[in-house]
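Student:
Numbering (my numbering), first residue to last: 11 to 246.
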């Protein structure tokens, strides 16, 4: 299956799901930020990859704005040279507006992850010829206050319904990219990778999440992740 079909199927299936309070608004960047998301895949997501980094779901100032996983505006625009039109979500949360590449807020996790890739590999092609980055879940869940509600905090029946298409899409991503290693960025992503791929002979590893909510990341995430990658046998 080609990547366009994989993404269209995932987007269609998650669009059919419903989520109760405290989820107030749901964004699907695969739909309204389709142009930059497809540019990311077409430019950098060509098989075969040594490993795929797996994130949880979009952040409000990252993929929700740019359509790129961990997509901090400055680095997507300046380093990856992706700057496509982003539409508005159907139901926009007043406290979390989507302004696309005009967004002036910084996604800290994305700044750390892509900033490390830029500093360590130089040109984007040097990173992407070996690695790619995807999110497990394409949706972002917002509470009425504007607070981000992560997928692991959803109600059990909602999680079950969501995980089914996300698991299937992850298996399709990895098959398409030809990767034999998936690196979960944080515990949740690693756990979902294991659940979806354990029967597929894919090796699953985990690195620390670059979120500012992770104290270890605040003490120097780039140095930390290089040690973790070295320990799993990846030469940087």
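Where a beta carbon is used, it is the ideal one built from N, C-alpha and C, also for glycine.
1) Looking at residue 119 and residue 221, is the spacing between their C-beta atoms short of 8 Å?
2) Given residue 207, which residues of its chain have a CB within under 8 Å of its CB, disregarding the five upstream and five downstream residues?
3) Whole angstroms is fine: what's the gap from residue 134's alpha carbon to residue 92's?
4) Figure out for me which residue from 172, 129, 227, 50 has the closest Cα to the Cα of residue 28.
5) Give, in chain order, every unbroken run of the alpha helix (DSSP H) that is at least 4 residues long and sits entirely within the region 108-164.
6) Does the Cβ of residue 99 lie closer than 7 Å to at least one heavy atom of the ligand COA?
7) Once DSSP output is grouped into helix, strand and coil, what is the label at residue 78?
8) Along the alpha helix (DSSP H) that carries residue 50, what are the first and last residues, could you check?
9) Taking DSSP as the reference, what is the three-state secondary structure of residue 235?
10) Please report the residue range of the beta strand (DSSP E) in which residue 217 lies.
11) Quick one, are the C-beta atoms of residue 154 and residue 124 less than 8 Å apart?
12) Since residue 193 is in the alpha helix (DSSP H), which residue starts that stretch and which ends it?
13) Can you grab the Cα-Cα spacing for the pair residue 18 / residue 35, in whole Å?
14) Quick check: the Cα distance between residue 212 and residue 205, rounded to an integer number of angstroms?
15) With contact counted as at least three CB pairs below 8 Å, one residue from each stretch, are the region 135-151 and the region 62-70 in contact?
16) List the whole-angstrom C-beta distance separating residue 37 from residue 97, where the pair is believed to meet the contact cut-off of C-beta under 8 Å.
17) Tell me which residues share the same chain as residue 58 and place their Cβ nearer than 6 Å to its Cβ, disregarding the 5 neighbours each side in the sequence.
18) Apart from the five residues just before and just after residue 198, which ones in its own chain have a Cβ nearer than 7 Å to its Cβ?
19) Going by other Cβ atoms of all chains shown within 10 Å of its Cβ, with 16 needed for buried, is residue 233 buried or exposed?
20) Determine the direct distance from the alpha carbon of residue 88 to that of residue 49, and round the result to whole angstroms.
21) Taking residue 122 as the reference, give the member of 106, 30, 45, 86 with the closest Cα.
Tutor: This is what the structure holds:
1) In this structure, residue 119 lies closer than 8 Å to residue 221 by Cβ.
2) Counting only Cβ-Cβ distances below 8 Å, and skipping sequence neighbours, we find 180, 181, 184, 192, 214.
3) In this structure, the straight-line span from the alpha carbon of residue 134 to that of residue 92 is close to 11 Å.
4) Selected option, being the one with the closest Cα: 172.
5) For the region 108-164, the full-length alpha helix (DSSP H) segments reaching 4 residues or more read 118-131, 134-138 along the chain.
6) The ligand COA is absent from the structure shown, which contains no ligand whatsoever.
7) DSSP places residue 78 in the coil class of the three-state scheme, outside both helix and strand.
8) It spans 44-54 - the alpha helix (DSSP H) in which residue 50 sits, taken as one unbroken run.
9) Reduced to three states, the DSSP call for residue 235 is helix.
10) 213-217 is the span of the beta strand (DSSP E), which, as asked, contains residue 217.
11) The Cβ atoms of residue 154 and residue 124 do not sit closer than 8 Å to each other.
12) Looking at the DSSP string, residue 193 is not in any alpha helix (DSSP H); the run it does join, the beta strand (DSSP E), is 191-195.
13) Going by the C-alpha atoms only, they are around 21 Å apart.
14) Between residue 212 and residue 205, the C-alpha separation is close to 11 Å.
15) Contact between the region 135-151 and the region 62-70 is present, because at least three Cβ pairs lie under 8 Å.
16) 11 Å between Cβ atoms; not a contact.
17) Taken in chain order, the residues that qualify are 188.
18) Cβ neighbours of residue 198 beyond the five flanking positions: 66, 162.
19) Exposed, since its Cβ has fewer than 16 Cβ neighbours within 10 Å.
20) The alpha-carbon atoms of residue 49 and residue 88 are separated by roughly 14 Å.
21) Check the Cα spacing between residue 122 and each of 106, 30, 45, 86: the tightest is with 86.
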